[in-house]
Structure formats: C-alpha cells, structure tokens
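Reviewing the structure listed below.
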Amino acid sequence: MLDTASGAVKTIVNQKVLDVRLHQGSFYYTVNAKAIDYQAGVLYEYKIATGQNKKRSEHSVSTYYVGGAGAYYTADGYEPGLYRMNSDGSSTRLAADNIRNMIVAENGVAYTLTYESGIYTVK
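Using the working numbering, read the sequence shown as starting at 63 and increasing by one per residue.
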C-alpha cells in the first residue's frame with residue numbers, strides 16, 4: 063500500500079494471499095495454501111481505515127462474494143456448504159451441501175451442487 067503522506071510503500075498484510083478484492087473500504091483475501099501457520103483458503107478482511115485485520119471464516123473457503131447484496135462464501139471439507147458472513151463477524155450456514163457455483167443477487171443466492179443437476183436458491 064502506498065502511504066500518500068510520505069510516498070513510501072508499506073506492508074499492510076504480511077502473509078501470502080490469494081483472491082484479493084476491495085469492497086467498501088476493506089480488502090478481502092484468502093490465505094495461500096503454502097503459508098505457514100494458517101489453514102489454506104481461510105478468508106480475512108483488512109479494514110483500511112482502522113488497519114484492523116480480521117479472520118472472517120473458520121472454514122477453508124472455496125469461493126467468496128462481497129458486494130451490495132451481502133457477503134457469502136462456499137466451503138468444502140468436513141463442514142461443506144454455503145455461508146453468509148454476518149456483520150458481527152460470525153457466519154451462518156445457509157446450505158449444508160457440496161456447492162459447485164453460486165450467483166448472488168439482491169433477493170437471494172442461486173447455487174448448483176457438485177453431485178446433482180439443478181439450480182437451488184436460498185435467502
């Protein structure tokens with residue numbers, strides 16, 4: 063990140079990261095599978111204004127969405143499913159299944175499963 067006052071570049075996250083996205087004053091990113099001491103794919107949020115870095119998922123995240131319709135992620139493994147990130151930092155599982163793809167809209171989330179044909183929705 064460029065410090066505009068001094069023109070210097072400073073490190074704001076000292077981890078190997080993947081899939082960085084900017085939304086409403088925060089960077090969202092997942093930790094690289096080769097990062098030491100961290101579970102691969104865990105989702106984090108870095109708030110630019112406060113410099114606060116916060117873990118946003120307890121699960122290994124496959125994909126995630128942050129936008130006007132909310133914040134969601136899919137997870138594989140022992141607790142697979144589609145999760146909504148709540149404003150208090152917790153997550154709510156909306157679907158307990160192996161999710162292949164998701165599309166987020168204002169009125170809910172549409173998703174497909176890895177093992178079955180069809181399109182499913184949840185709010």
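Every residue gets a Cβ at the ideal spot worked out from N, C-alpha and C, and that includes glycine. Note that the structure is a prediction, hence the values are computed from the model and not measured.
- Spatial neighbours of Asn76 in its own chain (CB-CB distance under 6 Å, excluding positions within 5 residues in sequence) are not present.
- Here His85 is bridged, per DSSP, to Ser88.
- Where Asn163 is concerned, the enclosing beta strand (DSSP E) starts and stops at Ile161 to Ala167.
- Shown here for Thr176: same chain residues with a beta carbon closer than 6 Å to its own, the five before and five after excluded, namely Asn160 and Arg162 in chain order.
- When the beta-carbon positions are compared, Thr136 and Met164 come within less than 8 Å of each other.
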